[in-house]
Structure formats: structure tokens, C-alpha cells
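Just so it is clear: in the sequence shown, position 4 is 7 by my numbering, and no numbers are missing.
To start, the structure itself, in C-alpha cells.
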Amino acid sequence: MNLSLNYDHLINQATSFHQNGDFEKAEFYYLKILNQWPNNTAALTNLATLALQVGKINHGLELIEKSLKVNQNQPSALNNHGVFLQRLNRNEEALVSFDRAIDYQPEYAEAHANKANSLSLLKNFEEAQKSYDLAIHFKPNYLKAFLNKGRSLKENGHFKEALLSFNQGQKLNPDVDFISGELLETQMHLNIWDDFEKHLSDISIKINSGKRVIDPFPLLGLLDNPGLQRKCAETYSSLNYSQSSPSSKIEPYLNHSKMRIGYFSSDFHNHATMHLMAELFESHNKEKFEIFAFSFGPNKNDSWRDRVKSSFDEFLDVSLVSDYQVTLLAKEKEIDIAIDLKGYTHNSRPKIFSEGCAPIQVSYLGYPGTMGAKFIDYLIADRVLIPKKEQKYYSEKIVYMPDSYQVNMSKRTISKAYFSREDLGLPEKGFVFCCFNNNYKVTPSTFASWVRILKAVDGSVLWLFETNSFSSSQLKKEATKYGVHEERLLFAKRLPVEEHLSRLKQADLFLDTLPYNAHTTCSDALRVELPILTLIGKSFASRVAASLLESIDLSELIVSSMSEYESVAIELALNPKKLNIIKNKIAKNILSTSLFNSQLFTKQLEEAYLKMNKARQNNSKHQHIYIDH
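Shown next, in the form of C-alpha cells:
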């Protein structure tokens with residue numbers, strides 16, 4: 004028998020099935036080759052690639068390492084080795100493999116691009132850009148490199164440069180997945196609103212047709228449409244994550260004397276999430292609950308991280324651990340209920356949940372919307388956020404908290420440093436409207452409304468948070484188009500949160516954004532007795548401020564139309580007596596309502612956990628859960 008002919012036949016069959024997406028048959032033929040030629044590097048490498056495609060990362064790594072033992076002078080195998088290590092969050096090691104591949108093949112564009120990805124994941128953005136540029140230099144039409152370069156630039160706050168990179172990518176392929184969304188999201192960070200309504204219309208049509216046009220998170224700030232948000236989330240989830248329901252496949256643990264709750268986040272440090280949740284972790288009933296932190300963010304060694312670490316029975320740093328290994332660790336710890344505090348936000352890791360890490364999996368706080376995923380069982384909300392008639396727009400069963408869904412610390416440190424209006428560049432006597440939401444939440448319609456309010460209130464100013472200088476200059480230009488002098492827009496620099504809370508007292512009225520409301524910024528305003536005016540929308544993200552205001556008995560600051568929003572803002576600015584009545588009411592209600600009672604909230608949340616667990620142990624079908632006062 005001609006062994007050469009036999010090998011050619013087998014490798015051709017394997018390759019053909021592999022290219023056509025028939026992974027099962029491709030694997031069969033690769034294994035036949037390896038049965039006869041155990042050290043065949045082509046079969047080992049191709050089989051490793053197949054393993055990567057089906058998510059068998061550890062197995063693929065073993066195969067590629069076996070291939071490299073046979074012959075270490077394989078640039079493509081070294082590059083793939085780096086990719087496997089990257090998928091396992093072993094980016095420092097991955098860089099070594101990419102560099103070795105480049106040493107053997109200096110013009111290897113893919114290796115340069117993959118190196119850039121690892122550098123970006125390690126937050127070494129400057130070096131990442133150099134590697135992306137090399138990849139593009141050696142492969143000028145390298146679409147993926149342009150897109151990933153744009154994402155890296157965007158993450159590092161270089162939005163203008165990111166926009167350029169995305170535009171270059173779009174020229175190469177106008178229909179590439181998610182490019183429209185990337186461009187529009189970046190423009191929103193810069194407050195560039197050219198053809199805004201047309202872009203929204205195009206994106207809406209594409210979402211409805213099931214196209215991969217935009218990530219779920221930026222959509223929350225663009226469209227107040229919970230139906231489209233669910234459709235977008237489902238498309239995204241089905242593309243990126245298993246659509247099984249893995250939590251249902253994990254049998255509930257019946258032998259625990261205490262229920263084990265796992266909180267999963269990248270934000271166990273000085274971050275808005277901890278500013279809300281720190282007391283919750285401290286308030287858990289340790290006689291009935293064991294709480295675990297699964298931290299996959301950077302260790303910033305700040306006081307907030309030190310504080311929350313001491314609250315947990317176990318604090319597990321899994322920042323360098325693969326998603327699959329995290330799920331194994333959660334199973335080893337026998338976590339009863341896993342709480343995802345990130346959803347689809349920045350630095351999230353939904354794959355931990357899609358792999359299945361606990362018998363019950365819950366979305367809470369970080370992501371204000373549906374994940375459109377079968378692997379999340381419950382979403383914690385309240386009756387304002389998700390009215391009963393709107394449940395159909397959420398793939399999860401809803402846990403209805405009795406007041407606002409948002410936990411808030413009972414006590415916050417507010418700097419004793421006094422900021423005068425003069426210190427802050429604010430007018431001594433003029434009325435100060437403010438909004439300290441991130442600038443990407445500011446839509447053209449919201450800004451147009453703000454400008455009309457300014458025009459109606461002589462001497463008033465609008466005090467905004469400056470996230471980047473280009474955005475500030477854009478907003479000033481937009482104001483002048485409406486006949487409002489740019490000097491009436493003032494921008495505040497970032498301050499430590501304690502000092503920010505202190506300076507916030509110098510504002511008169513907080514104007515909320517739509518469709519993405521103030522969240523932590525809303526409760527911050529209320530904490531310093533600053534009224535916040537909100538226009539309630541239809542989606543979760545557009546009803547958060549209303550949820551907070553209802554819980555503190557301030558429904559008079561919730562309006563249902565843009566014209567009412569403007570008229571109430573103007574009235575409060577021109578009627579100081581009425582405004583002071585509201586401020587005094589906030590001061591009183593802070594003490595008498597539940598919004599800043601984290602101990603009470605924790606007890607109510609624990610009741611929800613108990614109900615979830617009881618239903619799971621009884622093998623009952625998931626139902627909406629209602630928690631009473």
C-alpha cells in the first residue's frame with residue numbers, strides 16, 4: 004500500500020470537512036492520520052485549530068504543544084499556541100509565543116495582530132497600537148486588525164483615533180458584523196451626531212432582520228425600545244455563547260447548612276458598583292449565607308478593594324483564570340446562586356455563565372436590560388423598571404424588589420472640603436443645571452431640550468462632566484447652533500468621589516438623560532439633596548431614575564413627555580420656593596424611606612435568594628418572584 008497516497012487522501016478529506024464546517028468528520032480523519040503518524044504536525048495543528056473552534060481550549064493547547072515538541076520551528080503553530088494561551092487569560096505567556104512566531108517570520112501579520120490583542124488585554128495600549136500598525140503594514144487590507152485596533156483605542160479613551168480605524172475597516176467591508184454599531188457608539192462618545200436618526204433607523208431595521216449590527220450595551224443608550232433590545236441581545240448571545248440552559252443541568256446542592264452566594268465582577272475596587280454594594284456584602288446574614296467573590300478585574304490595591312475583601316467568606320482572584328476554569332472553581336465551591344454583576348458591560352465575562360457555574364444564575368445591577376440568554380435564570384428589578392405588561396421583553400424571570408432594585412449604602416464619605424461656586428467656575432447667582440452622566444448618554448434630542456431650557460432661563464448655565472475634550476468642544480458648537488453662547492456650558496473634571504459629592508451641592512437641578520438614565524449618579528445627587536428631573540421611558544435603562552425617585556417619594560420629578568420635562572425644569576428654575584420645598588422633602592425622605600437602607604435591602608434580597616433556591620430544589624419551573632415590604 005502506498006502510504007503517501009493514503010496520507011494525501013486522509014489529509015484532503017480532513018481538510019475538506021474542516022473547511023465545510025463538518026467538525027465531527029474532520030476530527031475523525033485527523034485522528035486516523037494521527038493513529039498512523041502520531042507526530043504528524045499538520046494533523047496535530049489542524050486538530051488543535053478545530054478544538055479552538057469548538058471551545059475545547061485545554062485540549063487544543065495540549066495538541067499544539069505536542070506539535071511544537073515535534074518541531075518548534077513552526078510560525079503558525081507558535082501563533083496558535085499564543086491564541087490558546089490568550090483564551091486562557093495567560094497573556095504574558097502568549098506574548099512569548101507570538102514573539103517566537105515573529106522571530107521565525109517577521110512579516111507574519113496575524114502574529115503581530117494577536118500580539119496586539121494580548122497587549123491590549125494587559126492594558127499596554129501604547130505597545131498594542133505599534134503591533135496593530137505592524138500587522139496592517141504587512142497586510143494593508145487586514146480588516147480584523149483595523150477593527151481590533153479601533154476597539155483598543157476606544158477602550159483607552161482615544162475616540163477620534165478609534166473612529167478613524169473603524170472607518171478604515173468599514174471601507175474594506177461595509178457589511179462586516181457590528182461595524183455600524185462600533186462607529187455609532189464611538190461617535191456618541193465624541194457627541195458627533197451627523198445623520199444620527201438615519202443611523203438609528205438603519206440599525207433598527209437590521210436588528211429586526213436578525214443581523215449582527217451592534218452590541219447590546221451601546222444600544223441601551225440609543226433606542227428606548229425594549230423589544231429591539233431583546234432582539235439585539237438574543238442575536239449577540241446566540242453568536243457568542245452557548246444557547247443551552249446550563250444552570251438547569253447542575254443539580255442543586257442539598258447538603259449546605261448555609262446558602263452559598265457567588266458574586267462575579269471585575270469591579271471589586273474603587274468603582275460605582277462598589278459605591279453601591281459594599282454595605283450589602285457586609286450586611287449579609289453570615290449565619291445563613293456564605294458569600295464568595297469571583298474577581299476577574301485588576302487588583303488596584305485601593306481601600307475599596309480592601310474593604311470588600313474582608314466582607315467575603317472567600318475572595319477569589321480569577322483574573323488570570325479562563326472562563327471554563329472559573330466555572331469549575333464555582334462548582335468546586337458548590338455555589339448555589341451565581342450573581343453576574345456585569346452583563347454585557349465593559350470587562351464582562353458572560354461565558355462563565357454560559358458554561359454553567361451554578362444551579363441558579365442571576366443578572367443584577369451592572370447591566371440594565373435583558374441579556375437575551377437562556378443561561379441567565381433571573382433578573383433583579385422592581386415594579387417601576389419592568390411593569391407586568393413589559394415582561395415579554397425579557398428572557399429572564401423577574402425578581403421584583405419591593406422598592407427600588409438599586410441597593411445604596413446607608414453611609415457615604417463626603418469630603419469636608421468646601422467648594423464655592425467660584426472655585427468651580429460656576430456663576431455666583433445664576434441657576435445651575437447639571438448632568439454628570441457620561442457624555443455618550445447625551446443624545447441630540449436630549450441636548451436640544453437642554454438648550455431650550457437654557458434659553459428660557461436667563462443667566463442659567465449647564466454644568467456637565469467632561470469625559471474628553473473633543474466631546475466638550477462638540478457640545479459647545481451644538482449649543483451655538485441653537486443660539487446659546489458656548490460659555491453657558493461648563494465642564495467639570497474628574498475628582499475623587501468624596502470630593503465630587505461635595506462639589507455636587509453647588510448645583511440646583513440635575514437634568515437626566517434619555518434613553519439611558521442616571522444610575523449611581525442619580526443616587527449620588529439625591530444623597531446630597533440635589534433634585535433630579537427625569538423623563539420616564541419604556542426600557543429598563545430609561546426607567547432607573549424613576550425607580551429611585553419613586554422609592555424616595557418624589558414622583559413629582561418624574562415626567563412622561565419632553566415638553567413636560569422642559570416646562571418642569573423651567574418652572575423649578577424660576578420658582579425657588581417650589582425648588583426649596585422639593586429639596587427639603589429629599590432631606591426628610593432620605594431618613595424615612597428605604598432608598599439608603601442597605602440593611603433592609605439585603606434582607607429583602609436574601610428573601611429572594613431563598614425563594615429562588617427553594618424553587619430550584621423542588622425542581623419547580625422558574626416563575627417571577629415578588630418580594631413584599
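Beta carbons are placed, not taken as given, at the ideal position from N, Cα and C, and that holds for glycine.
Nothing here was measured: the structure is a model prediction, and the numbers come from that model.
TODO: Could you tell me whether the Cβ atoms of residue 366 and residue 382 are closer together than 7 Å?
DONE: Your numbering for residue 366 matches position 363 in the sequence shown. Your numbering for residue 382 matches position 379 in the sequence shown. The answer is yes: Cβ separation under 7 Å.
query: By how many angstroms is the C-alpha of residue 109 removed from the C-alpha of residue 399?
result: Along the sequence shown, one-based indexing puts residue 399 at 396. Along the sequence shown, one-based indexing puts residue 109 at 106. Using only the alpha carbons, I get a separation of about 49 Å.
Tell me where the alpha helix (DSSP H) around residue 455 begins and ends. Here the question's residue 455 lines up with position 452 in the sequence shown. Run containing residue 455: 447-459, per the alpha helix (DSSP H) assignment.
Residues bridged to residue 467 [DSSP beta-bridge criterion]: The residue you call residue 467 lines up with position 464 of the sequence shown. 438, 494, per the DSSP bridge assignment.
Q | Contained alpha helix (DSSP H) runs [length at least 4] in the region 95-141, N- to C-terminal order | A | 112-124, 128-141
Checklist entry - How about residue 537 and residue 555: are their beta carbons less than 7 Å apart? => result In the sequence shown, counting from the first residue as 1, residue 537 sits at position 534. In the sequence shown, counting from the first residue as 1, residue 555 sits at position 552. No; because the gap between Cβ atoms is not below 7 Å, this pair is not in contact.
Could you name the residues of the same chain whose beta carbon sits closer than 8 Å to that of residue 11, not counting the 5 residues immediately before and after it, in chain order?
Stepping through the sequence shown from its first residue, residue 11 is reached at position 8. Here the set comprises nothing.
In chain order, what are the residue ranges of uninterrupted alpha helix (DSSP H) at least 4 long that sit wholly in the region 169-240? 182-193, 199-211, 219-223
ask   = Is the Cβ-Cβ distance between residue 605 and residue 286 less than 7 Å?
value = Here residue 605 refers to the residue found at position 602 when the sequence shown is read from its first residue. Here residue 286 refers to the residue found at position 283 when the sequence shown is read from its first residue. Yes. Within cutoff.
message = Taking 7 Å as the threshold (C-beta atoms), are residue 452 and residue 569 in contact?
response = For the purposes of this step, residue 569 is identified with residue 566 of the sequence shown, where counting begins at 1. For the purposes of this step, residue 452 is identified with residue 449 of the sequence shown, where counting begins at 1. Yes; because the gap between Cβ atoms is below 7 Å, this pair is in contact.
Return yes when the Cβ of residue 112 is within less than 7 Å of the Cβ of residue 145, no when it is not.
Locating residue 145 in the sequence shown gives position 142, counting from the first residue. Locating residue 112 in the sequence shown gives position 109, counting from the first residue. Contact flag set, yes.
Mind checking whether residue 439 and residue 468 have CB atoms under 7 Å apart? As a working note, residue 439 is residue 436 in the sequence shown. As a working note, residue 468 is residue 465 in the sequence shown. Yes, these two residues count as a Cβ contact at 7 Å.
Item to check | When 547, 542, 236, 614 are compared against residue 392, the one with the closest alpha-carbon | outcome: Taking the sequence shown and counting its residues from 1, one reaches residue 392 at position 389. Answer by Cα proximity: 542.
Review point. In chain order, what residues of the same chain have a beta carbon less than 7 Å from the beta carbon of residue 235, not counting five sequence neighbours either side?
Key: Translated into positions along the sequence shown, residue 235 becomes position 232. Hits under 7 Å: 210, 217, 219, 222.
- Task: Return the first residue and the last residue of the beta strand (DSSP E) that residue 364 is part of.
- Result: Within the sequence shown, numbered from 1, the residue matching residue 364 stands at position 361. 363-366 is the span of the beta strand (DSSP E), which, as asked, contains residue 364.
Take residue 191 and list the residues in its own chain whose beta-carbon comes closer than 6 Å to its own, dropping the five residues that flank it on each side.
Residue mapping note: residue 191 aligns to position 188 of the sequence shown, counting from 1. The residues are 443.
Practice problem: For my contact list, residue 460 and residue 611 are in at a C-beta cut-off of 8 Å; report their separation, rounded to the angstrom. | Solution: As a working note, residue 460 is residue 457 in the sequence shown. As a working note, residue 611 is residue 608 in the sequence shown. Rounded, the Cβ-Cβ distance is 44 Å, inconsistent with contact.
Review point. Should residue 213 be labelled buried (16 or more other beta-carbon atoms within 10 Å of its own) or exposed?
Key: Here residue 213 is taken as the residue at index 210 of the sequence shown, counted from 1. Exposed.
Quick one: Cα of residue 488 to Cα of residue 156, how far? The count along the sequence shown starts at 1 and reaches residue 488 at position 485. The count along the sequence shown starts at 1 and reaches residue 156 at position 153. Cα to Cα, residue 488 sits roughly 32 Å from residue 156.
**Prompt:** Below 7 Å between beta carbons: does that hold for residue 281 and residue 311?
**Reply:** As a working mapping, residue 281 is identified with position 278 in the sequence shown. As a working mapping, residue 311 is identified with position 308 in the sequence shown. Against a cut-off of 7 Å, the Cβ pair of residue 311 and residue 281 comes out as a contact.
| Those runs of the beta strand (DSSP E) which lie wholly inside the region 287-317 and span at least 3 residues | 292-298
**Prompt:** Quick one, which of 226, 130, 602 has its alpha-carbon nearest residue 203's?
**Reply:** For the purposes of this step, residue 203 is taken as residue 200 along the sequence shown, with counting starting at 1. The candidate whose alpha carbon is nearest that of residue 203 is 226.
message: With H, G and I counted as helix, E and B as strand and the rest as coil, what does DSSP make of residue 378?
response: The residue labelled residue 378 in the question sits at position 375 within the sequence shown. Three-state result, residue 378: coil.
Uninterrupted alpha helix (DSSP H) stretches inside the region 595-622 (no shorter than 4 residues): 601-620
How many angstroms separate the CA atom of residue 354 from the CA atom of residue 244? In the sequence shown, counting from the first residue as 1, residue 354 sits at position 351. In the sequence shown, counting from the first residue as 1, residue 244 sits at position 241. Rounded to whole angstroms, residue 354 to residue 244 spans 6 Å at the Cα level.
Practice item. Using beta-carbon positions only, say whether residue 2 and residue 412 come within less than 7 Å of one another. Key: Because residue 2 is not part of the residues shown, which for the chain are 4 to 632, the question remains open.
Below 8 Å on the Cβ atoms is my guess for residue 525 versus residue 498; work out the distance and round it to an integer in Å.
Taking the sequence shown and counting its residues from 1, the one referred to as residue 525 is at position 522. Taking the sequence shown and counting its residues from 1, the one referred to as residue 498 is at position 495. 18 Å between Cβ atoms; not a contact.
Same chain, Cβ closer than 8 Å to residue 632, neighbours up to 5 away in sequence not counted:
Counting from one through the sequence shown, the residue named residue 632 turns up at place 629. Correct list, in chain order: 405, 406.
| said: Within the continuous alpha helix (DSSP H) that includes residue 402, where are the two ends? | reply: Here residue 402 corresponds to residue number 399 of the sequence shown, with the count starting at 1. Segment 400-404 is the beta strand (DSSP E) holding residue 402; no alpha helix (DSSP H) there.
Notebook entry, point to check: CB residue 256 to CB residue 358, shorter than 7 Å?
Noted result: As a position in the sequence shown, residue 256 is number 253, starting the count at 1. As a position in the sequence shown, residue 358 is number 355, starting the count at 1. In this structure, residue 358 does not lie closer than 7 Å to residue 256 by Cβ.
Give me the Cβ distance between residue 2 and residue 450, rounded to the nearest whole Å; I'm assuming they're in contact under 8 Å. Within the shown structure, residues of the chain are numbered from 4 to 632, placing residue 2 beyond reach of any answer.
Check your understanding: Residues in its own chain within less than 7 Å of residue 346 by CB, not counting five upstream and five downstream?
Key -> Locating residue 346 in the sequence shown gives position 343, where the first residue counts as 1. The answer, listed in chain order, is 366, 369, 370, 374.
Next on the checklist: Suppose you measure from the CA of residue 129 to the CA of residue 147; what does that come to, to the nearest Å?
Outcome noted: Looking up residue 129 in the sequence shown gives position 126. Looking up residue 147 in the sequence shown gives position 144. Distance between the alpha carbons of residue 129 and residue 147: 18 Å.
request  = May I have a chain-ordered list of the alpha helix (DSSP H) segments no shorter than 4 residues that lie completely inside the region 311-357?
outcome  = 326-335
| field | Span of the beta strand (DSSP E) around residue 262 | value | If you number the sequence shown from 1, residue 262 lands on position 259. Note, residue 262: beta strand (DSSP E), 262-268.
*For residue 39, is the classification buried or exposed, using 16 other Cβ atoms within 10 angstroms of its Cβ as the cut-off for buried?*
Mapped onto the sequence shown, residue 39 falls at position 36. Flag for residue 39 reads exposed.
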